[in-house]
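Numbering (full-length UniProt numbering), first residue to last: 1 to 464.
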């Protein structure tokens with residue numbers, strides 16, 4: 001590149017090229033330039049190296065950690081605490097815990113003292129993988145390296161305690177280490193006490209005088225979630241009322257937990273709608289709204305379903321993909337439900353078209369056709385079949401298969417035979433589906449025929 005532009009190579013020109021590549025998310029090319037730069041005798045600055053690592057993290061290209069670390073070692077690049085922390089974090093994200101430990105050992109050989117943050121990254125990785133023993137082993141490694149634990153260390157330890165005794169042990173260690181409890185530690189205490197069945201202890205955490213007033217609402221919100229998700233919904237609602245009386249709002253995550261618990265019971269729609277009104281965060285509101293819609297579908301409440309979809313449409317006026325994904329998920333639920341849910345699916349389809357002015361996706365029609373087939377409802381299957389043409393969707397293998405299933409289920413063997421001719425049978429999976437349909441519905445139809453024959457025989461015997 002330098003030859004092409006007739007520019008003399010320099011640290012500055014190389015780094016500008018590297019940063020340009022990072023700006024285009026071309027980290028692999030940026031690393032190629034780093035290698036050429038180092039081979040030419042120039043040294044990469046820690047600032048640019050940090051930029052490369054940041055782009056890797058943002059684009060989830062953790063796999064590049066091995067190449068980056070190899071370059072660092074071969075060309076003896078300068079390091080700092082943040083660079084090392086990120087590298088360890090990348091190794092952990094790749095689940096290469098041995099690589100993370102190996103890097104820490106290398107740093108010690110280079111007289112670079114490992115930091116608490118590096119060990120915390122490894123500990124967090126083990127706990128994320130539910131490897132409790134591995135996480136606890138990190139604490140011993142820290143002690144051996146004379147690295148002091150901090151509030152993050154104790155947060156991870158307390159959050160993953162399985163017994164009350166362990167919670168008490170790490171709280172005592174934290175005091176002896178001179179580490180003060182943070183907001184995250186109070187939250188971890190609530191979750192761990194709740195997980196170990198000590199709900200009264202969890203409730204007592206919010207009474208701690210060391211909790212700053214500015215953090216109390218968030219910590220109480222965690223208590224609401226913990227109580228609700230451990231079968232203490234009435235207790236959770238009492239704490240929720242306390243929060244409201246104090247003039248605060250429940251944290252969105254806690255609202256979602258309450259919604260999830262309320263949806264397990266019938267007749268709770270009014271409460272669910274009130275909870276939705278509590279949320280200002282759009283992402284959480286959409287999540288909660290979708291959960292309430294699924295509740296409405298299960299309880300065959302079409303009017304509330306449409307009302308909520310109208311609210312979603314208002315929020316996503318220019319984002320048809322979001323609406324399509326939500327519709328697909330709802331119709332997927334209908335397809336996997338009992339045949340009694342078919343009617344609300346059909347009513348919802350017409351409402352989407354007539355009241356919302358939207359066109360259902362191919363997947364919506366696919367799911368509805370499956371529901372018709374499962375219910376053996378040929379008339380509605382034919383209605384949905386025509387909707388493909390109305391929407392401008394050409395029939396494909398899946399739609400032919402579903403209609404074939406619907407025809408077999410309804411006992412219309414003649415039309416099923418005609419439909420079968422339209423299905424390409426050069427795919428083994430397609431053939432296995434066809435055979436399964438034939439075996440299922442031929443057996444069912446033969447049973448039904450035997451029942452009819454039995455009824456006719458009984459009638460004949462009565463007449464005689």
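Even glycine gets a Cβ: it sits at the ideal position worked out from N, Cα and C. This structure is a prediction, so every number in the text was calculated from the model and none was measured.
Pick out whichever of 118, 300, 286, 41 has its Cα sitting closest to the Cα of residue 93. Residue numbering aside, residue 93 sits at position 93 when the chain shown is read from its first letter. Selected option, being the one with the closest Cα: 118.
Express the C-alpha separation of residue 440 and residue 450 in angstroms, rounding to a whole number. Position 450 of the chain shown, counted from the start, is the residue given in the question as residue 450. Position 440 of the chain shown, counted from the start, is the residue given in the question as residue 440. Here the model assigns residue 450 a pLDDT of 45, short of 50, so the residue's position is not dependable, and the following value carries that caveat. If I take the Cα positions, the gap works out to 16 Å.
Sequence-distant residues of its chain with Cβ nearer than 6 Å to residue 193 (five each side left out): Locating residue 193 in the chain shown gives position 193, counting from the first residue. Closer than 6 Å at the Cβ level, and outside the excluded window around residue 193, lie 201, 202.
If you pair each beta-carbon of the stretch 367-379 with each one of the stretch 330-346, do three or more pairs fall below 8 Å? yes
Give the single residue among 390, 315, 386 whose Cα lies nearest to the Cα of residue 403. As a first step, residue 403 must be located in the chain shown, where it is residue number 403. Ranking the options by Cα distance to residue 403, first place goes to 386.
Rank 250, 20, 56 by C-alpha distance to the C-alpha of residue 285 and give the top, closest one. Translated into positions along the chain shown, residue 285 becomes position 285. Checking every option, the nearest Cα to that of residue 285 belongs to 250.
Going by the CB atoms, is the gap between residue 415 and residue 407 shorter than 7 Å? Mapped onto the chain shown, residue 407 falls at position 407. Mapped onto the chain shown, residue 415 falls at position 415. Yes, Cβ-Cβ distance for residue 407 and residue 415 is below 7 Å.
Rounded to a whole number of angstroms, what is the C-alpha to C-alpha distance between residue 225 and residue 305? By 1-based counting over the chain shown, the position of residue 225 is 225. By 1-based counting over the chain shown, the position of residue 305 is 305. Each residue's Cα considered, the two are about 26 Å apart.
Is residue 42 helix, strand or coil by DSSP? By one-based count along the chain shown, residue 42 stands at place 42. In this structure, residue 42 counts as coil in the three-state DSSP scheme.
Hey, which unbroken runs of the alpha helix (DSSP H) at 4 residues or more fall wholly within the stretch 368-434? 378-391, 397-409, 413-420
What are the boundary residues of the alpha helix (DSSP H) that includes residue 174? Indexing the chain shown from 1 puts residue 174 at position 174. Residues 164-176.
DSSP-derived helix/strand/coil call for residue 6: Start at 1 with the first residue of the chain shown, and residue 6 comes out as number 6. Residue placement at residue 6 is poorly supported in this model, since its pLDDT is 46, which falls under 50; the coordinates still yield a value, given next. Coil.
Rounding to the nearest angstrom, what Cα-Cα distance links residue 18 and residue 26 in this structure? By 1-based counting over the chain shown, the position of residue 18 is 18. By 1-based counting over the chain shown, the position of residue 26 is 26. Going from the Cα of residue 18 to the Cα of residue 26 covers about 9 Å.
Short Cβ contact (7 Å threshold) for residue 352 with residue 358: One-based indexing of the chain shown puts residue 352 at position 352. One-based indexing of the chain shown puts residue 358 at position 358. Cβ atoms of residue 352 and residue 358: closer than 7 Å.
When 261, 217, 260 are compared against residue 245, the one with the closest alpha-carbon: On the chain shown, position 245 is the one that residue 245 refers to. Comparing Cα-Cα distances from residue 245 to each of 261, 217, 260, the minimum goes to 217.
Which residue from 237, 212, 58, 420 puts its Cα closest to that of residue 401? Residue numbering aside, residue 401 sits at position 401 when the chain shown is read from its first letter. Considering only alpha carbons, the answer is 420.
Under three-state DSSP, which class holds residue 149? Within the chain shown, residue 149 is the residue found at index 149, counting from 1. The answer is coil: DSSP assigns residue 149 none of H, G, I, E or B.
Less than 7 Å separating the beta-carbons of residue 243 and residue 214? Numbered from its first residue, the chain shown carries residue 243 at position 243. Numbered from its first residue, the chain shown carries residue 214 at position 214. Annotated as distal: residue 243 and residue 214, with beta-carbon spacing of 7 Å or more.
Comparing alpha-carbon positions, which option in 429, 411, 356 lies nearest residue 378? Along the chain shown, read from residue 1 onward, the residue named residue 378 stands at position 378. Comparing Cα-Cα distances from residue 378 to each of 429, 411, 356, the minimum goes to 411.
Leaving aside the five residues before and after residue 495 along the sequence, list all residues of the same chain whose C-beta is less than 7 Å from its C-beta, in chain order. Outside the shown range of the chain, which is 1 to 464, sits residue 495, and nothing can be said about it.
Could you check if residue 435 is buried or exposed, using at least 16 other CB atoms within 10 Å of its CB as the buried criterion? For this step, residue 435 is matched to residue 435 along the chain shown. Answer is exposed; the Cβ neighbour count stays below 16.
If I'm right that residue 291 touches residue 259 with Cβ under 8 Å, what's the distance once you round it to whole angstroms? Numbered from its first residue, the chain shown carries residue 291 at position 291. Numbered from its first residue, the chain shown carries residue 259 at position 259. Right, the Cβ-Cβ distance comes to about 5 Å (below 8 Å), so this counts as a contact.
Taking Cβ to Cβ, would you say residue 154 is nearer than 7 Å to residue 174? Position 154 of the chain shown, counted from the first residue, corresponds to residue 154. Position 174 of the chain shown, counted from the first residue, corresponds to residue 174. It is a contact, given that the beta carbons lie within the stated cut-off.
CA-to-CA distance, residue 270 to residue 320, given in whole angstroms: As a working mapping, residue 320 is identified with position 320 in the chain shown. As a working mapping, residue 270 is identified with position 270 in the chain shown. Distance from the CA of residue 320 to the CA of residue 270, rounded to the nearest whole angstrom, comes to 28 Å.
Residue 422 classed as buried or exposed, judged by whether at least 16 other C-beta atoms fall within 10 angstroms: Taking the chain shown and counting its residues from 1, the one referred to as residue 422 is at position 422. Exposed, since its Cβ has fewer than 16 Cβ neighbours within 10 Å.
With burial defined as no fewer than 16 other Cβ atoms inside 10 Å of the residue's Cβ, what is the status of residue 20: buried or exposed? The count along the chain shown starts at 1 and reaches residue 20 at position 20. Residue 20 should be labelled exposed.
Would you list, in sequence order, the uninterrupted alpha helix (DSSP H) runs of no fewer than 4 residues that lie entirely inside the stretch 302-363? 302-315, 320-336, 342-354
Name the two residues that bound the continuous alpha helix (DSSP H) containing residue 11. As a working note, residue 11 is residue 11 in the chain shown. Looking at the DSSP string, the run of the alpha helix (DSSP H) that includes residue 11 is 11-23.
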